[in-house]
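Chains E and R, in that order, are what the protein sequence lines are.
Going letter by letter, the first sequence gives residues 0 to 317 in numbering that gives the first Met the number 0.
Going letter by letter, the second sequence gives residues 0 to 291 in numbering that gives the first Met the number 0.
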Amino acid sequence: MTESAKAAEPLPVMDLSTGICGIPLSGPVLNGSGTFDALAARRVFGDALIEDFPFDCYVSKTITMNPRPGNPPYRLWETPSGMINSIGLPGPGLDGFLENDLGALAEIGVPLIVSVMADSAEDFATLVERVAARDEVAGIELNVSCPNVHSGLIVGEQPAETEALMKALRPLTGKPLIVKLTPNVANPQEVAVAAEAGGADSVSMINTIKAAAIDPASSRTWLGAGAGGLSGPAVRPIALAQVRAVSSAVGIPVVGMGGISDAESALEFILAGAEVIAVGTENFRNPRAGAAVTEGLPLALRRRGFGSLAEARAATIG
Amino acid sequence: MPADPAATPDRVQAPFGRRLCEVAETRPSGGYRIFTLIDPEGPAPAPGQFFMLAAAPDWAREGGRPYLPRAISHARFTRHPGSGQRLDFLIDEVGPGTSRLAEMKPGDQCWVAGPFGGRFSLPRKLNPQAAGAILVGGGIGIAPMAVLRRELVDRGIPSRSLLGFRDQAHSGGVEELFGCEETRLAFEDGSSGHKGYVTDLLLQLLEGDDSASAAVYSCGPPAMLEAVRRICLEREVPVELALESPMACGYGACFGCAVPKADGGYLRLCIDGPVVRGDEIATAMAGEPAVD
Chain E
0 MTESAKAAEP LPVMDLSTGI CGIPLSGPVL NGSGTFDALA ARRVFGDALI EDFPFDCYVS
60 KTITMNPRPG NPPYRLWETP SGMINSIGLP GPGLDGFLEN DLGALAEIGV PLIVSVMADS
120 AEDFATLVER VAARDEVAGI ELNVSCPNVH SGLIVGEQPA ETEALMKALR PLTGKPLIVK
180 LTPNVANPQE VAVAAEAGGA DSVSMINTIK AAAIDPASSR TWLGAGAGGL SGPAVRPIAL
240 AQVRAVSSAV GIPVVGMGGI SDAESALEFI LAGAEVIAVG TENFRNPRAG AAVTEGLPLA
300 LRRRGFGSLA EARAATIG
Chain R
0 MPADPAATPD RVQAPFGRRL CEVAETRPSG GYRIFTLIDP EGPAPAPGQF FMLAAAPDWA
60 REGGRPYLPR AISHARFTRH PGSGQRLDFL IDEVGPGTSR LAEMKPGDQC WVAGPFGGRF
120 SLPRKLNPQA AGAILVGGGI GIAPMAVLRR ELVDRGIPSR SLLGFRDQAH SGGVEELFGC
180 EETRLAFEDG SSGHKGYVTD LLLQLLEGDD SASAAVYSCG PPAMLEAVRR ICLEREVPVE
240 LALESPMACG YGACFGCAVP KADGGYLRLC IDGPVVRGDE IATAMAGEPA VD
């Protein structure tokens, strides 16, 4: 076969349908929480967004009990191959989300996972109960990168706190509970094991890495909140190491993310042990980034000799 | 075009995703650079809207920057039946992103997403008594003013343009975009026109007897915008400002472009702006130039 004939070869067709925690998915591509506002995107792009929705499952931005304005500007700083953000979880609060946003999100037509955060187990319980009660919601992601108001400790940095929280929340719903792990710990696998012991159905990782930006022109920290979280391809090697460590330590599936920018980097996460993957910061550079990953996956898999996602998962580097 | 200002939609919707556009032309202009993209797919953008631009390939280079696309308002668009449209952008090289864009050569490719954001209101919508428009531009902020002026000319609405610059090395695009008699210039270094700030010219105009029938539009550095905003608010002159802010995405995803609202909280400049009413925000100086 000539080079030109090879180039003309159609892209391989592959069934990428899969699932996470029993939620059937048309493919393995989610969005990272807080990296794609589907309601804002629909206002900007119109119904084309729904017809060509870039993710197989939509994860909402993190919902809190009360409305939050978010952090003062500046909230962003570009870094080598990435960015730091300190957005501060702006949002309408639980009531506003349930009344105004959830119905509109359900129109997208893919399974919905709602991310929630609270500073106490009591508020977490309220969030989980009220969100899980809604038929539109397929699963809940628990953002535990927040201090517990009682202990002052970041729940997700403490295996014991994480397990206790999971044990409190587990009886409240039969829907999947996914714990979003922070990378800002020495041994994320200990937290993951604790989450599993407490009843988590899955862990998603990584959240952003603590980071600061100094503006040499003004000799001040750039971000309004002083510091923030690093994301983008700059964090990908760290994310891969942590996904690999955690996936070999737990029996529950891992949602892998951290600097995924194309199908090749998505495949790296599958090979590190992720069940499905999420696209985050790349959405900022390309609104269709999730769809681009999906479109590139069959070829990326075939090139490495895999006939399916399952074959790639089976080849996970232990 | 609809004659009724209220019937003008507040934004032109963007195609979903991003697209590669070819650089048709690039040239220096008064210390800035103007480059022209051929956009076969995009809709005609409205005055005040902006695009997210990233030179392709080779955007993130040695050193890993630029990484994010840059939000840039077009300075002119021209429809060419059959081949889409030409979009002109005015660039001041202030950092790795704008430098990379300014380096592009004819035939190079550029990632384009947009048009994003909402447009400037027409004068009668901003002020029912408006007799015309006063456009106040500073530095590269003259770009959206040029697009607005062109639309007002097409609609037969009178306008006067007041343009301010630091010096000749920061005055690109003036002759090309504002070659008309209704333009007054201010240079801080006194090299041409009025010596001083463009806001001096605005004060002169508003101190005439036409303040009640004025509608002011402005784009430029944050300090200039804040001065324009205060001058107008003090005189109860309706004003719209096109602001700039650090911004990763342009379509509401990143929540990075927060601007404090007058009544508390923040708006997202990319989807709630970039054009805001002067009384809608707490300050135009919460951000410094985002485009670097």
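Backbone N, C-alpha and C fix where the C-beta goes; we use that ideal spot for every residue, glycine too.
Please read all numbers here as calculations on a predicted model, not as lab measurements.
Between which two residues does the beta strand (DSSP E) containing Asn-282 (chain E) stretch?
Unbroken run through Asn-282 (chain E) is the alpha helix (DSSP H), 281-284; no beta strand (DSSP E).
Using DSSP's beta-bridge definition, name the partner residues of Leu-19 (chain R).
DSSP output for Leu-19 (chain R) lists R:Trp-110 as bridge partner(s).
Given this structure, state the Cα-to-Cα distance separating Leu-180 (chain E) from Pro-72 (chain E), to the nearest angstrom.
If you take the alpha carbons of Leu-180 (chain E) and Pro-72 (chain E), they lie about 26 angstroms apart.
DSSP three-state call for Ala-142 (chain R): helix, strand or coil?
helix
Can you tell me whether Asp-38 (chain R) is buried or exposed, with buried defined as 16 or more other CB within 10 angstroms of its CB?
It is buried - the Cβ of Asp-38 (chain R) has at least 16 other Cβ atoms within 10 Å.
On a CA-only basis, which of E:Leu-222, E:Ser-16, E:Leu-15 is nearest Thr-78 (chain E)? Give me that one, please.
When only C-alpha atoms are compared, the closest one is E:Leu-222.
Looking only at its chain, what residues have a beta carbon closer than 7 angstroms to the beta carbon of Gln-128 (chain R), apart from the 5 residues adjacent to it on each side?
Counting only Cβ-Cβ distances below 7 angstroms, and skipping sequence neighbours, we find Ala-211, Ser-212.
Using beta carbons (cut-off 8 angstroms, strictly below), is Ala-13 (chain R) in contact with chain E?
yes
Measuring only between beta-carbons, confirm whether Arg-18 (chain R) sits less than 8 angstroms from chain E.
no
What residue does the beta strand (DSSP E) around Gly-47 (chain R) start on, and which one ends it?
From DSSP, Gly-47 (chain R) is part of no beta strand (DSSP E); its letter is neither H nor E.
Pro-273 (chain R), enclosing alpha helix (DSSP H) - first and last residue
It is not in any alpha helix (DSSP H) - Pro-273 (chain R) carries neither H nor E in the DSSP assignment.
If you run the structure through DSSP and keep just helix, strand and coil, what is Met-51 (chain R)?
DSSP places Met-51 (chain R) in strand when its eight states are reduced to three.
Quick one: what's got a C-beta closer than 7 angstroms to Asn-70 (chain E)'s C-beta in the same chain, skipping five residues either side?
Only residues of its own chain outside the window of five on either side were considered, and among them Ser-85, Ile-86, Gly-87, Gly-223, Ala-224 have a CB closer than 7 angstroms to the CB of Asn-70 (chain E), listed in chain order.
Under 8 angstroms, do Arg-85 (chain R) and Arg-149 (chain R) count as touching if we go by C-beta distance?
no
Express the C-alpha separation of Gly-81 (chain E) and Cys-218 (chain R) in angstroms, rounding to a whole number.
29 angstroms
State the Cα-Cα distance for the pair Ala-313 (chain E) and Ala-273 (chain E), rounded to the nearest angstrom.
Each residue's alpha carbon lies about 11 angstroms from the other.
Quick check on the DSSP output: the beta strand (DSSP E) that includes Asp-38 (chain R) runs from which residue to which?
31-38
Touch test, the stretch 116-130 of chain R against the stretch 183-201 of chain R, Cβ-Cβ under 8 angstroms, three pairs minimum
no
I'd like to know if the stretch 38-47 of chain R and the stretch 152-169 of chain R are in contact, where contact means that at least 3 CB-CB pairs between them fall below 8 angstroms.
Too few Cβ pairs lie closer than 8 angstroms, so no.
Taking the straight line between their C-alpha atoms, what separation do you get for Arg-64 (chain R) and Met-246 (chain R)?
One C-alpha to the other measures close to 15 angstroms.
When the Cα atoms are used, what is the spatial distance from Gly-255 (chain R) to Tyr-66 (chain R)?
15 angstroms
Helix, strand or coil at Gln-84 (chain R) [DSSP, three-state]
Three-state result, Gln-84 (chain R): strand.
Using a C-beta to C-beta distance shorter than 9 angstroms, which residues of chain E count as neighbours of Gly-47 (chain R)?
Within 9 angstroms Cβ-Cβ: nothing; Gly-47 (chain R) doesn't reach chain E, min ~15 angstroms.
Identify the residues that DSSP records as bridge partners of Pro-295 (chain R): which are they?
As displayed, chain R neither begins before 0 nor continues past 291, which places residue 295 (chain R) out of reach and without an answer.
Please classify Gln-128 (chain R): does DSSP put it in a helix, a strand, or coil?
Three-state result, Gln-128 (chain R): coil.
Using a Cβ-Cβ distance under 8 angstroms, would Thr-34 (chain E) count as near chain A?
In the structure shown, chain A cannot be found, because the protein chains are E and R.
Please decide whether Pro-245 (chain R) counts as near chain E, where near means a Cβ-Cβ distance under 8 angstroms.
yes
Would Pro-127 (chain R) count as contacting chain E if we go by Cβ distances under 8 angstroms?
no
Quick check on the burial criterion: 16 or more other C-beta atoms within 10 angstroms. Buried or exposed for Pro-95 (chain R)?
buried
With Gly-18 (chain E) as the anchor, note down where its alpha helix (DSSP H) starts and where it stops.
Run containing Gly-18 (chain E): none in the alpha helix (DSSP H); it sits in the beta strand (DSSP E), 17-19.
Buried versus exposed call for Asn-206 (chain E) [16 or more other C-beta atoms within 10 Å across all chains shown]
Under the 10 Å beta carbon count, Asn-206 (chain E) is surrounded by 16 or more other beta carbons and is classified as buried.
Does DSSP put Met-223 (chain R) in a helix, a strand or coil?
helix
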